[in-house]
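Let me begin by presenting the structure, written as structure tokens, before commenting on it.
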Amino acid sequence: MIEIRGLHKSFGSLQVLKGIDLSMEHGKVLVIIGPSGSGKTTLLRCFNLLEIPDQGSLSLGELNLEFTQNRKIPHKTLMALRQKTGMVFQSYNLFPHMTALGNVMEGQVTVQKRSKEEAKQRGLELLAKVGLSDKAEAYPHQLSGGQQQRVAIARAMAVDPEVLLFDEPTSALDPELVGEVLKVIKQLAAEGMTMVIVTHEMKFAADVADRIILMDNGVILEQGTPQQVLEQTENPRALQFLNRLS
Ligand code: ADP
Numbered sequence: 586m587i588e589i590r591g592l593h594k595s596f597g598s599l600q601v602l603k604g605i606d607l608s609m610e611h612g613k614v615l616v617i618i619g620p621s622g623s624g625k626t627t628l629l630r631c632f633n634l635l636e637i638p639d640q641g642s643l644s645l646g647e648l649n650l651e652f653t654q655n656r657k658i659p660h661k662t663l664m665a666l667r668q669k670t671g672m673v674f675q676s677y678n679l680f681p682h683m684t685a686l687g688n689v690m691e692g693q694v695t696v697q698k699r700s701k702e703e704a705k706q707r708g709l710e711l712l713a714k715v716g717l718s719d720k721a722e723a724y725p726h727q728l729s730g731g732q733q734q735r736v737a738i739a740r741a742m743a744v745d746p747e748v749l750l751f752d753e754p755t756s757a758l759d760p761e762l763v764g765e766v767l768k769v770i771k772q773l774a775a776e777g778m779t780m781v782i783v784t785h786e787m788k789f790a791a792d793v794a795d796r797i798i799l800m801d802n803g804v805i806l807e808q809g810t811p812q813q814v815l816e817q818t819e820n821p822r823a824l825q826f827l828n829r830l831s
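In the numbering used here, the protein residues as written are 586 to 831.
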């Protein structure tokens, strides 16, 4: 369902992605781990073209994109790809002047052109799903970080994306709030939502991932099942990273 081939991305003279190949199937969870600065977030942002790769190709469903440094991606293609993806950021990025329900309705009304009534119904369903039925009318500043992140997940789901992308969804949270967010993500995984997750939570990665990729310095060091990557790797750099964590 998602296929990436030969993906390269530089910022000025800094080469951040140096030829990434991966593929994943519908309904699966791919977790990206690796040291800080290895290119995990940049790779994730390439999935929905928040970063435009310099080289390589990306296929998502029936959309196929080829990148070369000098070719601009047509706006229509960008929008088509973005509509297939929902992004959950480290720092929630909720609209501060809108209620939880307002946040979850916004994209449905503006992007999907749903009626307000329809968007409200779907929004309430999704807030119930993330355990926040009683917070529909609360504003972001009235919510804990964990609750804000759960609203952000509901918002990302509201436009019916084919894949949800998570960029370190718990790393801005106080430790006691991490569990409630991971629980929601695990529930989505159990329901067959296709997801790509960048995380430092190794236990969570082992629990939720169908496949893990371990990145280092712009390349994939290891990829495979959680067992293959976390327990059976013999790659010295991978071992160094994993040992440092445990
Ligand atoms: P990770 O998520 O693994 O920590 P990132 O993808 O965030 O890694 O960053 C990889 C490298 O790219 C880092 O050296 C970072 O400073 C650099 N980088 C990321 N985004 C930008 C940007 N927009 N402009 C310049 N450098 C960037």
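Just so you know, even glycine gets a beta-carbon here, dropped at the ideal spot from N, CA and C.
So, at 8 Å on beta carbons, what are the nonlocal neighbours of residue i in its own chain, with the 5 sequence-adjacent residues on each side left out?
| i | result |
| --- | --- |
| SER623 | MET800, ASP801, ASN802 and GLY803 |
| GLN693 | ARG699, GLU703, ALA704, ARG707, GLY708, ALA743 and VAL744 |
Would you call the CB atoms of residue i and residue j closer than 8 Å?
| i | j | result |
| --- | --- | --- |
| MET672 | ALA741 | yes |
| LEU669 | THR627 | Going by the sequence as given, residue 669 is Lys instead of Leu. Result no, Cβ atoms of LYS669 and THR627 do not sit closer than 8 Å. |
| VAL616 | ILE738 | no |
| LEU686 | GLU722 | yes |
| HIS611 | THR779 | yes |
| ASP745 | VAL614 | no |
| LEU607 | GLN808 | yes |
| VAL748 | ARG735 | no |
| ALA791 | ILE618 | no |
| MET609 | GLY646 | no |
| GLN732 | LYS720 | yes |
| LEU712 | PHE632 | no |
| LEU830 | MET787 | yes |
Does the beta carbon of residue i fall short of 7 Å from some heavy atom of the ligand ADP?
| i | result |
| --- | --- |
| LEU799 | no |
| GLY622 | yes |
| VAL783 | yes |
| PHE680 | no |
| THR626 | yes |
| LEU634 | no |
| GLY619 | yes |
| ALA596 | Position check: residue 596 holds Phe in this sequence, whereas Ala was assumed. PHE596 Cβ: within cutoff of the ligand ADP. |
| VAL601 | yes |
Which residues in the same chain as residue i place their Cβ atom closer than 7 Å to its Cβ, once the five residues preceding and following it in sequence are excluded?
| i | result |
| --- | --- |
| ARG630 | GLU636 |
| SER756 | GLN675 and HIS785 |
| VAL696 | GLN668 and VAL744 |
| PRO620 | ASP801 and PHE826 |
| GLN817 | none |
| ASP639 | HIS593, LYS594, SER595, PHE652 and GLN654 |
| SER550 | No answer is possible for residue 550: the residues shown for the chain start at 586 and end at 831. |
For the putative contact between residue i and residue j, defined by C-beta atoms under 8 Å, what is the C-beta separation to the nearest angstrom?
| i | j | result |
| --- | --- | --- |
| ASN820 | LEU806 | 6 Å |
| GLN675 | PRO754 | 7 Å |
| ALA743 | VAL689 | 5 Å |
| GLY604 | SER642 | Not confirmed; about 12 Å, so no contact. |
| ASP752 | VAL783 | 5 Å |
| VAL793 | LYS771 | 6 Å |
| LEU666 | LEU717 | That pair is no contact at about 29 Å. |
Of all the CB atoms in chain D, is at least one closer than 8 Å to the CB of residue i?
| i | result |
| --- | --- |
| LEU773 | Absent here is chain D; the protein component of the structure consists of one chain. |
So, do the segment 671-686 and the segment 643-658 have three or more beta carbon pairs nearer to each other than 8 Å? Touching, no.
Meets three-Cβ-pair contact criterion under 8 Å: the segment 750-765 and the segment 596-607: Not touching, per the Cβ criterion.
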